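Numbering (this note's numbering), first residue to last: 5 to 484. Each residue gets a CB set at the ideal place from its N, CA and C atoms; glycine is no exception. Quick caveat, the model's predicted, so the values are computed rather than measured. Structure, as C-alpha cells:
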C-alpha cells in the first residue's frame, strides 16, 4: 500500500485539531504519522509534564533548588522539540498547568506558594518566548481562583520575534498595563482582537488598539454596562479595515439568556455611531439585552459590503431596523433576528432579495408572509423558525416549504418553544418527503430540530420515517 505524503496527511489531520483522542492514536501508526500528528497536537500547549521535560537544564535546576520538582523527574530527553510547534497560547491553560505542577510534586506551604508560582511561571514563559518562532494566537484570560503572579513575558528575550506576527488576541481589559504597552510596541498587524471588558480598563489597551493597521475582526463584550467611551474613541480612529464586528452589551439588569423584551432603556455609556465608520463591514453581530435606543444612530448608515446581520437576544425598534434594511438589505446573505412582527418580515421580503439564510419569527397568522418571502427571496437556501403556541406549527411550515420555497432551498431548522409539542404525524411527514423528492431540481433536504424545555420527544414513528429517507438519499442531514 502506497504511503500518503506528509503534506496530504497534514491537511487531513488539521480537521482533527480538536479531537485529541484520535490525534493521539495517530502517533502510534508509524514514524511519518507520528511526526505529522504531533505538530497538530502541539499547536497548543496541552501536557504540562512534557512541557517541564522540554525545559532547559538551567530552568530545571532552578525548579529543583526551589523544591518544585524532583531530581529524577523527566530524565529522558523528549522525542521532539515540542515547543517549536506551538502556534496558539492560552495564558489560562499555562496558569492551570502551573497549579497542577505545584499540586503534583512536593508539598508546598501556603506561605511561599505565590513565590513558587512566580518561579514556575517565569521559567515557563522565558522558555516559550525563546522557543516559539512565530506565535499566531494568544488568549490572555486569568482568574483569581488560580492566582498566578503577573509575569511580563512580553519583555523576555525572544518575545519580539515570538509575538511580532501575532494575528489573533483575545483578552480581558484588566490585564496589567505593562502587557499592553509592551505588546503595542511589537504587534501592529493583529487581524483579530477580542476584548472582554471589566470594571478596570488598563491604560495600555488604548495604545494597543491605536497602533493597529490591519484589524479585520473585532469583538467587544461588556457584561455589566462597563464604560468604554475612551475605547470607542480609539476605535473610531482605526484604519477602515474591519470586516467583522461582534458587539455584546449587557447593562447588568438581567440575564441576557432571557428573551423577554423590556421597555426601551438608554445607557449613557453606550453609543453606536462609531460603527458607521466601518464601511467595509461584511458581518455585523449585535447582542444586546434590551431594546437598544442607540440603534437610531445606525438606521441611515451605509454598509455596501454587508452580507451577514445578526441580532442575538433583543431587536431594535421595527422602524429603525426597517430603515436600516432599506439601506443595507440588498447584499445581505444571512439575517438573524429574534423578534416577531409582520411589518419586519415584509420588509425582509422587500429589501433583502439575495438572502441565503434567514432566522426570524413567524406568528401563526403569517402563512402568507412566508409565501411572500419565498417569492421575493429567490436565492434562499435555509430558514429557521419557532414552532408552538402563537407561532406556526411544523406541519404548516413543511407544507409551505414543499409548495412555495425557491429552487435553491434545502434546509429547515425548527425550534420548538417551551412546552410545545410536535404536531406533524408520520404519514404527513412521509408525504412531505415524497413531494420533496419530486421537486425540480432535486436537492437533498437538511432537517434540524431543537427542542425547548418541557417539549416531548420527537415521535419515534417520525424518526423512523426520517431514517428511511436518509437511506434513500432524500435527507442529507438530520439533527435532533
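Minimum Cβ-Cβ distance from residue i to chain B less than 8 Å
i           : result
residue 120 : Absent here is chain B; the protein component of the structure consists of one chain.
Run of the beta strand (DSSP E) containing residue i, from where it starts to where it stops
i           : result
residue 482 : 479-483
residue 287 : 287-292
residue 225 : 221-226
residue 199 : 196-201
residue 94  : 92-94
residue 187 : First-last for residue 187: 181-190, but that is the alpha helix (DSSP H), not the beta strand (DSSP E).
residue 253 : 248-253
residue 141 : 141-144
residue 173 : 172-176
Neighbourhood of residue i by C-beta, 7 Å cutoff - its chain only, sequence neighbours within 5 removed
i           : result
residue 129 : 155, 157 and 160
residue 219 : 194, 195, 197, 242, 245 and 246
residue 473 : 437 and 479
residue 530 : Residue 530 lies beyond the range of the chain shown here (5 to 484); nothing can be said about it.
residue 278 : 236, 239 and 240
residue 43  : 89
residue 217 : 192, 193 and 243
residue 84  : 42
residue 374 : 366 and 404
Within 8 Å, strictly: CB atoms of residue i and residue j
i           : j           : result
residue 249 : residue 212 : no
residue 162 : residue 185 : no
residue 90  : residue 125 : no
residue 341 : residue 307 : no
residue 428 : residue 399 : yes
residue 27  : residue 45  : yes
residue 282 : residue 303 : no
residue 349 : residue 370 : yes
residue 322 : residue 367 : no
residue 221 : residue 152 : no
residue 469 : residue 426 : no
residue 199 : residue 144 : no
residue 299 : residue 336 : no
residue 140 : residue 94  : no
residue 421 : residue 393 : yes
residue 175 : residue 133 : no
residue 294 : residue 255 : yes
residue 359 : residue 384 : yes
residue 96  : residue 54  : no
residue 52  : residue 104 : yes
residue 123 : residue 66  : yes
residue 177 : residue 210 : no
residue 224 : residue 251 : yes
Same chain, Cβ closer than 6 Å to residue i, five either side skipped, listed in chain order
i           : result
residue 409 : 378
residue 419 : 390 and 454
residue 214 : 238
residue 362 : 339 and 387
residue 326 : 351
residue 173 : 142, 194 and 197
residue 181 : 206, 207 and 208
residue 483 : 452
residue 503 : It is not possible to answer for residue 503, since the shown part of the chain is limited to 5 through 484.
residue 481 : 450
residue 168 : 190
residue 259 : The predicted position of residue 259 is uncertain, since its pLDDT is 47 and thus under 50; a value taken from the coordinates is nonetheless stated next. Taken in chain order, the list of residues that qualify is empty.
residue 320 : 299
Start-to-end residues for the alpha helix (DSSP H) that takes in residue i
i           : result
residue 121 : 117-135
residue 408 : 398-408
residue 55  : 52-58
residue 167 : 163-167
residue 65  : 61-69
residue 151 : From DSSP, residue 151 is part of no alpha helix (DSSP H); its letter is neither H nor E.
residue 208 : 207-214
residue 3   : Nothing can be reported for residue 3, as the shown portion of the chain is limited to 5 through 484.
Neighbourhood of residue i by C-beta distance below 8 Å, restricted to the same chain and skipping five residues each side
i           : result
residue 120 : 70, 72, 106 and 112
residue 445 : 411
residue 467 : 484
residue 477 : 448
residue 397 : 368, 391, 427 and 428
residue 127 : 59, 63, 66 and 67
*Does the pairing of the segment 408-418 with the segment 449-456 give three or more beta-carbon distances under 8 Å?*
Output reads yes: the segment 449-456 touches the segment 408-418.
*In chain order, which alpha helix (DSSP H) runs of at least 4 residues are fully inside the segment 307-393?*
Taking only runs of at least 4 residues, the alpha helix (DSSP H) segments lying wholly in the segment 307-393 are 322-332, 346-355 and 371-380.
_Between the segment 345-363 and the segment 289-303, can you find at least three pairs of beta-carbon atoms closer than 8 Å?_
Three or more Cβ pairs closer than 8 Å define a contact, and the segment 289-303 falls short of that threshold against the segment 345-363.
_Uninterrupted beta strand (DSSP E) stretches inside the segment 412-475 (no shorter than 3 residues)_ = 415-420 and 449-455
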